[in-house]
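S.K.:
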Amino acid sequence: MPFFQAAEGKRFFYTHRQADHAKDGQLTILMIHGLGSTHAFYGPILPTLVDAGFAYVAYDTHGSGLSSFSGKGQDVKSMTQDALSLMEQLHLVPERTVLVGHSMGGMVACELASRKSMAGLVLLGPVHPNPGVAGIFSKRIEVVKQEGMEAMADTIPRAATGSQSTAAQHAMIRSLLLSQDVLGYASLCEVIAKASPPDYDRVKCPVLILAGGEDKSAPLDGCRIILEQCGTVRGKKRLQIVDGVGHWHCIESPGVMGEAIAGFATQVSQLAA
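Reading the sequence shown from the start, the letters are residues 1 to 273 in the UniProt record's numbering.
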């Protein structure tokens, strides 16, 4: 299995595939998952991205899935540096890379896009840091340390999905949650609880925000704030609301998400050509 080494001895699992029919200079889509998840969150949309001619990279963040928790503290900036380390090791050029971030991963993607000139930025139900969010995740740390991940697995699959979600989708989300290391999960809860809003105005690349119409974890108000504050010119940033979808976008509605991301990447590849 492929792993990459980052700072402070952290070791990360990742998956990387070239497009079957890639053109010269084709873009790579780099995907960052959210809390309680892994690279597998993006699995349902990967065939669509490959069929559209894009390479992809997805990885497990520090303390998630196959990326073991080292015990080192982390924050949005250290997680951004982890992503940059992966890009450097895989020789991904920012100007030829589209970032995709889900939930917590959206905070990291925004931070990275504020530092580097990316080809594009896609945010799926991004978390906008605020005092209310901090309180929620501070309480969650206490719960998982006392009761383990089953406390999350017993509630989140139904509570955080939309009305069109299925039992099979709930089961996949439950499996992702139960695969988490308690201390790694708690560390990432702390990242969210202590986060400050990124410098959105420094993001200049094209931006697409995909929001679930029934997402209670990342409300539309936060998505609209992010969109408005991004420094991207108005004609190159937009919000798309997907009815019936909650917070687990790529699992709940892989067809819509895959087509939206592939379509966006096709548009920005033409701009970058």
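Every residue gets a Cβ at the ideal spot worked out from N, C-alpha and C, and that includes glycine.
1) Give the list of continuous alpha helix (DSSP H) stretches no shorter than 4 residues that lie fully inside the segment 105-187.
2) Given residue 110, which residues of its chain have a CB within under 6 Å of its CB, disregarding the five upstream and five downstream residues?
3) What did DSSP end up calling residue 236 once you bin it into helix, strand or coil?
4) Name the DSSP bridge partner or partners of residue 30?
5) Cutting at 8 Å between CB atoms, please list the residues of its own chain near residue 227, excluding the five before and the five after it.
6) If you count every other CB in all the chains shown that lies within 10 Å of the CB of residue 3, and 16 or more means buried, which is it?
7) Along the chain, where does the alpha helix (DSSP H) containing residue 62 start, and where does it finish?
8) Whole-angstrom Cβ separation of residue 79 and residue 191, contact assumed at under 8 Å?
9) Can you round the beta-carbon distance between residue 54 and residue 26 to whole angstroms, since I take them to be within the 8 Å contact cut?
10) Taking the alpha carbon of residue 82 as the point to measure from, which residue in 6, 175, 265 has its own alpha carbon closest?
11) What residue does the alpha helix (DSSP H) around residue 209 start on, and which one ends it?
12) The alpha helix (DSSP H) with residue 224 in it runs from where to where?
13) Does the distance from the C-beta atom of residue 104 to that of residue 122 stay below 8 Å?
14) Report the partner residues of residue 17 according to the DSSP bridge assignment.
15) Given that a residue counts as buried once 16 or more other Cβ atoms are within 10 Å of its Cβ, and exposed if not, what is residue 89?
16) Taking a contact to mean a Cβ-Cβ separation below 8 Å, would you say residue 256 touches residue 214 in this structure?
17) Buried or exposed for residue 180, going by 16 or more other Cβ atoms inside 10 Å?
18) Residue 89 lies in the alpha helix (DSSP H); which residues open and close that run?
19) Using only alpha-carbon positions, find the residue among 116, 250, 271 that is nearest to residue 48.
M.R.: Put simply:
1) 131-147, 150-153, 156-159, 167-178
2) Residue mapping note: residue 110 aligns to position 110 of the sequence shown, counting from 1. Here the set comprises 198.
3) Residue numbering aside, residue 236 sits at position 236 when the sequence shown is read from its first letter. It is helical.
4) The residue given as residue 30 occupies position 30 in the sequence shown. Bridge partners of residue 30: 57, 99.
5) Taking the sequence shown and counting its residues from 1, the one referred to as residue 227 is at position 227. The beta carbon of residue 227 is closer than 8 Å to those of 207, 209, 237, 238, 239 in its chain, skipping five residues each way along the sequence.
6) What you label residue 3 is simply residue 3 of the sequence shown in a count that begins at 1. So residue 3 ends up on the exposed side.
7) Reading the sequence shown from its first residue, position 62 is the one you call residue 62. Note, residue 62: premise wrong, no alpha helix (DSSP H); not H, not E.
8) Here the question's residue 79 lines up with position 79 in the sequence shown. Here the question's residue 191 lines up with position 191 in the sequence shown. Indeed they touch by this definition, with Cβ atoms about 7 Å apart.
9) As a working mapping, residue 54 is identified with position 54 in the sequence shown. As a working mapping, residue 26 is identified with position 26 in the sequence shown. Right, their Cβ atoms sit about 7 Å apart.
10) For the purposes of this step, residue 82 is identified with residue 82 of the sequence shown, where counting begins at 1. Taking only the C-alpha atoms, the option nearest residue 82 is 6.
11) As a first step, residue 209 must be located in the sequence shown, where it is residue number 209. It is not in any alpha helix (DSSP H) - residue 209 instead sits in the beta strand (DSSP E) that spans 207-212.
12) Position 224 of the sequence shown, counted from the start, is the residue given in the question as residue 224. First-last of the alpha helix (DSSP H) with residue 224: 220-229.
13) For the purposes of this step, residue 104 is taken as residue 104 along the sequence shown, with counting starting at 1. For the purposes of this step, residue 122 is taken as residue 122 along the sequence shown, with counting starting at 1. Their beta carbons are not under 8 Å apart, which means residue 104 does not touch residue 122 by this criterion.
14) Indexing the sequence shown from 1 puts residue 17 at position 17. Beta-bridge pairing links residue 17 to 56.
15) As a working note, residue 89 is residue 89 in the sequence shown. Answer is exposed; the Cβ neighbour count stays below 16.
16) Locating residue 256 in the sequence shown gives position 256, where the first residue counts as 1. Locating residue 214 in the sequence shown gives position 214, where the first residue counts as 1. Taking C-beta atoms as the reference points, residue 256 and residue 214 fail to come closer than 8 Å.
17) Start at 1 with the first residue of the sequence shown, and residue 180 comes out as number 180. It is buried - the Cβ of residue 180 has at least 16 other Cβ atoms within 10 Å.
18) Here the question's residue 89 lines up with position 89 in the sequence shown. 76-89 is the span of the alpha helix (DSSP H), which, as asked, contains residue 89.
19) If you number the sequence shown from 1, residue 48 lands on position 48. Nearest C-alpha to residue 48: 250.
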